[in-house]
Structures are given as C-alpha cells and as structure tokens.
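Structure, as structure tokens:
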Amino acid sequence: MNYIPTPPTGGGCRTAPVLKERGQREVFCGLTGIIWLHRKMQDAFFLVVGSRTCAHLLQSAAGVMIFAEPRFATAILEEGDLAGLKDAQDELDMQVERLLARRPDIKQLFLVGSCPSEVIKLDLAKAAERQSQKHGPNVRVLNYSGSGIETTFTEGEDACLACMVPVLPQTDKRQLIVVGALPDVVEDQMLELLNGLGIDNVRCLPTRTAADELSVGPNTVFALTQPFLGETHAALLRRHARHLPAPFPYGEEGTTAWLAAIAKEFDVDAETFARVTDAPRARARAAVSQASEALQGKSVFFMPDSQMEIPLARFLARECGMLPIEVGMPYIHDAIHGPDLDLLPAGPQISEGQDVDKQLDRARAARPDLTVCGLGLANPLEAEGLTTKWAIELVFTPVHFYEQAGDLAGLFSRPVRRRNILGLEAAE
Amino acid sequence: MKLSVWTYEGPPHVGAMRVATGMKGLHYVLHAPQGDTYADLLFTMIERRNHRPPVSYTTFQARDLGADTSHLFKDACRDAIERFKPEAIIVGASCTAELIQDDPGGLAETMGFDIPVIALELPSYQRKENFGCDETFFQIVRHLAKPMERTKRITCNLIGPTALGFRHRDDIEELTGLLSEMGIDVNVCAPMNSTPTDIARMGAAHFNVLMYPETAEAAARWCETNLDQPYTKVVPIGVGATRDFIAEVAAITGRPALIDETRLRQPWYAASVDSTYLTGKRVFIFGDGTHVKAAARIARDEMGFEVVGIGCFNREMARDIRATAKEYGVEALITDDYLEVEEAIEKLQPEMILGTQMERHIGKRLGIPCAVISAPVHVQDFPARYSPQMGFEGANVMFDTWVHPLVMGLEEHLLHMFRDDFEFHDDAGPSHHGAQATARVEQVEAVQTVTSDNVIWLADAEKELRKIPFFVRGKARRNTESFAAEKGLNEISKDTLYEAKAHFAR
C-alpha cells in the first residue's frame, strides 16, 4: 500500500525560512500535562515537588476543579526545605509514605520535578529509585520534569512518556507501538482500524494501567499520534525501535496518510486498505466539508502553544480552505514535523519560539479571521475585535482520526459562526 | 514540605498581580520562569477581563540559567516601560526567581528610570496570595502617597478592592452610593480603578474605608500614622454590620447617620412566615476571615441559623476568627488544608455550608447544600448582574443566595408528607435545581451498620432513618448517635431514634 497525499503545487513549507524569536513566552509549563495524563492512566498518581505556584497552576489549568479527589497533588517546598534545615529527601519519603497509605489503589507514582526543585537540584531520580525499592513491586515510582524552565506545555506529556521508555522490558518480537495519550474512545477506534488492516501486534504508550504489559526492542516500529513527543521519539530510538514518519492523523487526509505509512511498513495491500478506510474516509470528508463551511477562504494565525500548530495548519489549509498567515510553534523538530511541513502550502510565516508582544503586533496588523491562542490572550483579543480559538481545547478534546475530523473542523468554525450569530456588538 | 491537593490561596506574586491588574497606569515586571504566565488566565478567563494583566514576565528557561538571567530582567524592564509607558512600575520575583537571587529591585533601581520603581519583597515559600496583595498595595501607597491638604467636602478613600476579588466590583458601587447618601464623596478608590497619580493624592481624603482587611490593612495603618487618616474597622457585610458601619462613619465625620432603608428587604424576608423553616438550620462557615466573621453574624442574628463551626484559611485572621468562634461557642478551624475542612464538615454534618468554591465541592460530595461567601473565586463568582455583598443591597443578595441551595419551606413539608412518592422523593433534591430530579431507584434492604464509635444501628432503626428526608437525615443520625453516647447505649433501635428525636425537640 502506497498512499501519498498530493503535495501543494507551489511547494510546501519544509524549507521555508523560520522566524526564530526569543522573548516573553505566553505558554503553560509541562506540569499542565498532568491534567489529562492522570485521567488517561487510571492507576497513576502525579506528585509534583514544587511550590505553591505549581499547585495553583494545576488548579487553575484544570479550569473547574475535578469533583473526585484528583490523582495529583503538590508537595509544596517550604522555607525549611530550602534552608537545608530539613533533608528534602526525607521529607519527600514521608509525603510519599502518607500518600500511598491513603491511596492503596495507586500502582504508578510519578515524582514530577518543577522549576524550584530543578533550581535547588533536588535529585528526584534518586528518590524514585529509593522509593521503588521500598514500595515495589506493588508500586512503581518514576520521575520526570514538568518544569517551565525545561518543558513547554505539551512537552510535559513527552517527558512523562519518555521516562517510562528506559524501564520497558526488552523484546525481539515484531510489533507496532502507537505513542501518545489519546482518549480511550479514540484509541479504540484507532486499534480497530489497524486491526482491520491485519496488523495485530499493536501496543499503546502510555498503557491504561501499570499491569498492561509493554516491551520494546529492535523489531519494534512506532508511530506518533501527537506532534510534541520529541524526547519520547529519541528514547525509543535509543531502545533500537524504528520511527514511521508520517503526517499526524488530524482530518481525513492526515489520518489516511498516517495509516498508509503503517500499512506500507506491514505490507498491507491496496485492496485491504481501501476496504478498511473507504467508508470512514468518505464520512470524514462529508463531516469536514459540512463543519468547515464557515472557514472557507478565511485567514488563520497560530500563536505557539501545543506544537500541534503545523499539523493543524496543514489540516485547515488543505481540508477546510483556510489561509494560514503565521504558524507559530514553541519548537520545530524536523523528523517529526517534516511530513506535515511538506504538505502545508507555501505562504505562511513559520515561527519558532515567541516574543509575545511583537507577535501580537503582527497579529493585529494582519487582522486574521481567526487567531488560535492561549487562554491568557483570547478574551483580550476578542475585545479588540479578533475572533479567537483557545488552543488548550484542542489538547483536551478528542480530535484524532476519521470520526473526529468533523469535530476538529467544528472547533475552529464555532467561534467564527458565533461571531456571525450574535446580534449585538460584543462588549467593548 | 506540605502535601496539597487544592489550595485556597495562590502564591504571593499572584496577590501582587491582583493589585497591578486592578490598577491602571502601573506595570509589573516579574522575574519568573516560562509557565508562570498561566496566571494571566485567572484574570482573562475567570474575571473575563478584556485586557491582558499589565505584567511582563522574563520567562527564563534552563538554557538561560547557565548564563546571565539578570540581563533578561533588565531587558524586560526597559521593553515594558517603552511599550506600555506606565506612570510607575513594581518589580519582583516569583518563587523560582527568588531562588536564583537576581535581586530585581536592586537591578531596576540602578537603571535610572524617570518613573517611580517600587521593589517588592514577597517571600514565596512563607507567605501567600493575600499577603501579596496587602504588601504590594502597602508598598505602592508608602512610595507614592504624601500628606496634603484635605478636600473641602468630606471625602474618604475606599481601600482594599483588587482584581479577582470576591464581588469587589459591586461592593465599590454599593459603598459609594451609601457614603454619598451621607454626604461623603470618594476621593480615591484603590487599588481597583486607580492610577499611581491617584494614589499620590490619597492624602486629601479625611479618612479611609478599609473594605477588606486581607488586602489593605497594612496600607490603612500606614495612612493612619503618616497621613493622619483614621480608618473604619467595621466591614459592612450584613444588615447589622452595615448599620454599625454607618454609625462608625458618622462618628468619624460628624455626619448624621441617616440612611434610607426602604430598599432593604432582608429583615422582612427573614421575618416573613415562609422563612420559618430556616430556624435553627445548622450551618458550617468557612472562607477568608473577613467574610466568615460577617457571615457568622448574619447566619445567627439575621437568618436565625445555628452556627455549628467556623474557620478561615488565612492565618493572618486566625486571632479574629478564634475570638469569633468563642463568642459562638464553637471551635475555630484555622487551616489551608482542604482535606481537614472536609473532615470537619463530615464530622459536624451541618445542614448547610457557607463556604468557598472548595466547600461547594465538599458539599456536593457529602450531599450538603452550599452557598459561596468568599474567595477563592470561580467564573461563577463574577455574575453579569449587580450582586454586591456589602451594604443593604448586599444583605438582600445574600438572603437570596443563601436560601437558593436549600429545599424551600413548603416543599420541605411536602417532602415530609409524600416521602414515599416515586417522583417526589427526597433523593430528587430541591425541585428548583431541575437536573437532579431522577426517578427513585428501589432501595436495597436496610441492614445493621456500625458507627466509628462501635455503636450498632439495628436494621429497623437504619430503615426508619432512611424515611427521614435527606436534608435532615444527617442531623437525625448525628443527634441519635450523640444521644446514644450520652446514655451509654451501644445499640440504636427504632425507639432510640425517636427518644433522641424527643430529646432534641425544639
């Protein structure tokens, strides 16, 4: 099976000059990933070792507080921990002890580093090792950093998944690992598609529970479902697994190209591929065309946020008829974003990093029909008369694969439609 | 190290942001790592502000730490002043920047700006959000306000309201109206809506109205000493407190304490027979010290509730709340640990909680109605309508807000009478909260249970207990258990239940 989407006539963006900026970055830190990761891994607990700011961020980013007792918490560093009056490692052991006594259902504990814990060089790897010995095999303790000085928003998920790779058992069996936290319903749809193509040995990272076995080795190939998994990509390569580069599975075309890259690797014939994908492709195309009516011919400006910007711009440009003006990314990783850059029609300014005030000046000058940005910027821009889509919803909503393609287009078209429906001028 | 699930207060630099965002013409340059910009969304999303908070973050990253982070800070100061042209800047560090010790205050002062530069020292690992507000406002006032000639008319400053405050927007309007009726103008309202220039002319007022001790007490004290301005000690939340406040202002100013009370409906609403059912409702009160203290007085004296527990999350108010608790014959709970609050509520089994958004969650879990009286705030705490807590309209608003979560008077009777009705059963909850109404699920057979004190509820007593409507069941269970304990019984039968009922009859 060899399916390659038609490249844009004027060439893609892979070799386009990138505007690199350094300045104030209006982004979340990697701790934010805990909000969705703790729902995905149902027997995992995330213990942030940090400050009151970290606790406040988690609470605020969760938007509304989650009703049940959450499976995340912050061990807040206090004056005594910093002044060396108390041994921070002992203190941490004590907190973990209390936590595990209170929550016997926890099978995986992630000690999550933060800006202050990194700056004072609190060795969480050592702590995780010690606690694993103490509480294992019942509870596995791992550590990663979600600090703002090292991770930008979705890179928190990347760091979390990457920290699980080195401890995976070795295997020589031929298998596919699909990497990236997806909502269960979407993951099931994907597994069904792959199963239909006759690819049986498919595993997911992260697994839903600690008991689900996962191993890795030289006969493992892997595909990414999220464009922000650079570290995990590198960690898997170090375990001699091979990456299947592909556009990301957003929209009908992205999903088909993603599946085709896997189908090619597993020698799936064209007939089988068509039998499995034709119907959902047609459905996705119909749904997208309906949901994207309001988007045709409209311009879009992406502020850097989740690293989903390039694949999303590709989807909006090719399947929804939008005209990207600027596509901002926190980081660009050629091995991961290259296939999408190839397909994104030339024209938009690709930018990496951020100097938020300068970027806002560009957005104001361009007056895009839709600006994709973070929560801190959305209402202020709306008040200036720009229509916005807050980016975090793209991370929290099921948007992958065929059956969600229409929903994905809908996320962008709703703000545009809304502005048209409201009869009164929005508040000045 | 302290384990925290949810927090009542943010870090102190968020308090400084609340002051800066409430003001105009002031800019905050914050030395902080990437990610701390999350705090912007508190203002743009929760409060629906139509502008970004006036804050420039240095957003340093790991790669900057090896080199020189102080130039990042200096660049940010320069850029902010050039771009936003503020009348004054405040500078400081967030928790991580505090550790790298770049001394933002010292750096900014050496840069030779021609506008006031106010350095903030906010110890992130010791103090919290309210301290951050109080200290920041105090520093701004201390740097900018000067003694000056008083205004001819009697004027006051309203001090304390900030961005992201619990109903601060509407409290300002209510108090401004009330004072105007007494012939008193507002000279400056700060921090909310003021500019640094306004702060400089605070000294022209005859006295200060300290609206929220949490955010402006240090400034009020400084003005008393240095500007010779007395400040009000009564916070006018509730009917009684508002009348006391009017008397206090009259005493300070010599103005007659004559206020038109025709729009005050709360006392009649509380006295009207429909409110009889509110009598003796057991309430637990938790929030910031100021709102808790006011709510306790309203609950007991103006609603006819029984206060069964009070507490606050801000240690700065601990002494006040302990004194109040003593007056009400209850124990004060001073904690910022959400789990401790939950435990206290579970133990006391109140019929209603007057709390924060956190207690609303606790109430939801335990099936206890809750009305929100205090920060921490949520998008729901910024209603589109006028909804003050202070003054006479505040008293009216609170009557409505507190009654809303409860099952209403007549409905309560009907539930007692028809408690076996398949739709109108007690698990359906108050009928005006539509979403909860579900058809009754046939109950499982009642079996004997054992309490934590090893008292056995026999099956027939357990069954009888279930016939009691949900909104009084907790009280009945608790009363019966304490009755059994008092009598030294280790089993509770149906008779024990009714003996306890008779014992506690009122």
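Protein chains in written order, with the working numbering: chain Z, 1 to 428; chain G, 429 to 934. We treat Cβ as the ideally placed atom computed from N, Cα and C, and that holds for glycine.
Where the alpha helix (DSSP H) containing residue i begins and where it ends
{"i": "F827/G", "result": "819-831"}
{"i": "I35/Z", "result": "34-40"}
{"i": "H135/Z", "result": "124-135"}
{"i": "S117/Z", "result": "115-119"}
{"i": "D163/Z", "result": "For clarity, residue 163/Z is Cys in the given sequence; the question names Asp instead. Residues 155-164."}
{"i": "L411/Z", "result": "402-421"}
{"i": "D613/G", "result": "No alpha helix (DSSP H) holds D613/G; the beta strand (DSSP E) holding it covers 613-618."}
{"i": "Y926/G", "result": "922-931"}
{"i": "S498/G", "result": "498-512"}
{"i": "G560/G", "result": "557-572"}
{"i": "A279/Z", "result": "270-291"}
{"i": "Q554/G", "result": "From DSSP, Q554/G is part of no alpha helix (DSSP H); its letter is neither H nor E."}
{"i": "H789/G", "result": "785-794"}
Interface residues of chain G facing residue i [CB-CB closer than 9 Å]
{"i": "V268/Z", "result": "Chain G residues near V268/Z: none, gap ~43 Å exceeds 9 Å."}
{"i": "A378/Z", "result": "L469, T472, M473"}
{"i": "D305/Z", "result": "The premise fails here: D305/Z is roughly 12 Å from chain G at the closest Cβ pair, so nothing lies under 9 Å."}
{"i": "S60/Z", "result": "G438, Y466, A467, L469, L470, M473, I474"}
Proximal residues of chain Z, C-beta to C-beta of residue i below 9 Å
{"i": "R511/G", "result": "D357"}
{"i": "M818/G", "result": "Within 9 Å Cβ-Cβ: nothing; M818/G doesn't reach chain Z, min ~25 Å."}
{"i": "M429/G", "result": "V49, A75, I76, L77, E78, G80, D81, K86, A88, E91, L92, M94, Q95"}
{"i": "S432/G", "result": "R52, A55, A73, T74, A75, I76"}
Assumed close pair residue i, residue j - CB separation to whole angstroms, cut-off 8 Å
{"i": "R725/G", "j": "G666/G", "result": "6 Å"}
{"i": "G520/G", "j": "L548/G", "result": "4 Å"}
{"i": "S351/Z", "j": "G328/Z", "result": "5 Å"}
{"i": "V735/G", "j": "R728/G", "result": "5 Å"}
{"i": "L431/G", "j": "R98/Z", "result": "7 Å"}
{"i": "F712/G", "j": "I773/G", "result": "6 Å"}
{"i": "V399/Z", "j": "Y250/Z", "result": "6 Å"}
{"i": "E26/Z", "j": "Q354/Z", "result": "7 Å"}
{"i": "T935/G", "j": "N621/G", "result": "No answer is possible for residue 935/G: the residues shown for chain G start at 429 and end at 934."}
{"i": "T924/G", "j": "A889/G", "result": "6 Å"}
{"i": "Y697/G", "j": "F827/G", "result": "5 Å"}
{"i": "I801/G", "j": "G783/G", "result": "7 Å"}
{"i": "P368/Z", "j": "F301/Z", "result": "4 Å"}
{"i": "F110/Z", "j": "A61/Z", "result": "17 Å between Cβ atoms; not a contact."}
beta-carbon residue i near the ligand MG non-hydrogen atom, thresh 7 Å
{"i": "G593/G", "result": "This structure lacks the ligand MG; in fact it carries no ligand of any kind."}
Terminal residues of the beta strand (DSSP E) in which residue i lies
{"i": "W390/Z", "result": "388-390"}
{"i": "P324/Z", "result": "323-329"}
{"i": "S299/Z", "result": "299-302"}
{"i": "K20/Z", "result": "18-22"}
{"i": "I517/G", "result": "516-521"}
{"i": "F635/G", "result": "635-638"}
{"i": "L948/G", "result": "There is simply no residue 948/G to check, as chain G begins at 429 and stops at 934 in what is shown."}
7 Å Cβ cut-off: residues of chain Z touching residue i
{"i": "S802/G", "result": "What S802/G touches in chain Z: nothing, since even the nearest Cβ is about 16 Å away."}
{"i": "I528/G", "result": "V119"}
{"i": "T763/G", "result": "What T763/G touches in chain Z: nothing, since even the nearest Cβ is about 14 Å away."}
Contact set between residue i and chain G, taken where Cβ atoms lie within less than 7 Å
{"i": "A286/Z", "result": "Under the 7 Å cutoff, chain G gives no residues; its nearest Cβ is about 34 Å from A286/Z."}
Within chain G, partners of residue i - CB distance below 8 Å
{"i": "E150/Z", "result": "Q489, A490"}
{"i": "L408/Z", "result": "Neighbours of L408/Z on chain G: none; closest Cβ ~23 Å, over 8 Å."}
Minimum Cβ-Cβ distance from residue i to chain C less than 8 Å
{"i": "T643/G", "result": "No chain C is part of this structure, whose protein chains are labelled Z and G."}
With 9 Å as the C-beta to C-beta threshold (strictly closer), list the residues of the region 471-497 of chain G near chain Z in chain order. Contacts with chain Z (Cβ-Cβ distance below 9 Å) from the region 471-497 of chain G involve F471, T472, M473, I474, R476, R477, N478, H479, R480, P481, S484, Y485, T486, T487, F488, Q489, A490, R491, D492, L493, listed in chain order.
Taking a Cβ distance cut-off of 7 Å, strictly less, list which residues of the region 319-340 of chain Z are near chain G, in chain order. The region 319-340 of chain Z vs chain G, Cβ under 7 Å: nothing.
Contact between the region 283-302 of chain Z and the region 402-421 of chain Z: three or more CB pairs below 8 Å? yes
Compile a chain-ordered list of the residues in the region 766-798 of chain G whose CB is closer than 8 Å to at least one CB of chain Z. Q785, M786, H789, K792, R793
Would you check if there are 3 or more beta carbon pairs closer than 8 Å linking the region 555-567 of chain G to the region 631-643 of chain G? yes
Count the CB pairs spanning the region 744-759 of chain G and the region 712-726 of chain G that are closer than 8 Å, and state whether there are at least three. yes
Positions along the region 534-557 of chain G whose CB lies within less than 7 Å of some CB in chain Z: S552, Y553, Q554, K556
Segment contact flag, the region 413-423 of chain Z with the region 76-86 of chain Z, C-beta cutoff 8 Å, min 3 pairs: no
Check each residue of the region 436-469 of chain G: if its Cβ is closer than 8 Å to any Cβ of chain Z, include it; give the result in chain order. Residues are counted here when their Cβ sits less than 8 Å from a Cβ of chain Z; for the region 436-469 of chain G these are E437, G438, P439, H441, V442, P461, Q462, G463, D464, T465, Y466, A467, D468, L469, given in chain order.
When Cβ atoms are compared, which residues of the region 911-923 of chain G fall closer than 8 Å to chain Z? none
Please list the residues of the region 101-135 of chain Z that have a C-beta atom closer than 7 Å to any C-beta atom in chain G, keeping them in chain order. Within the region 101-135 of chain Z, the qualifying residues are C115, P116, V119, I120.
Quick check: the region 697-714 of chain G against the region 680-687 of chain G, are there 3 or more CB pairs under 8 Å? no
Give a yes or no on contact between the region 53-63 of chain Z and the region 483-500 of chain G, applying the rule of three or more CB pairs nearer than 8 Å. no
Three or more C-beta pairs under 8 Å: does that hold for the region 216-227 of chain Z against the region 167-175 of chain Z? yes
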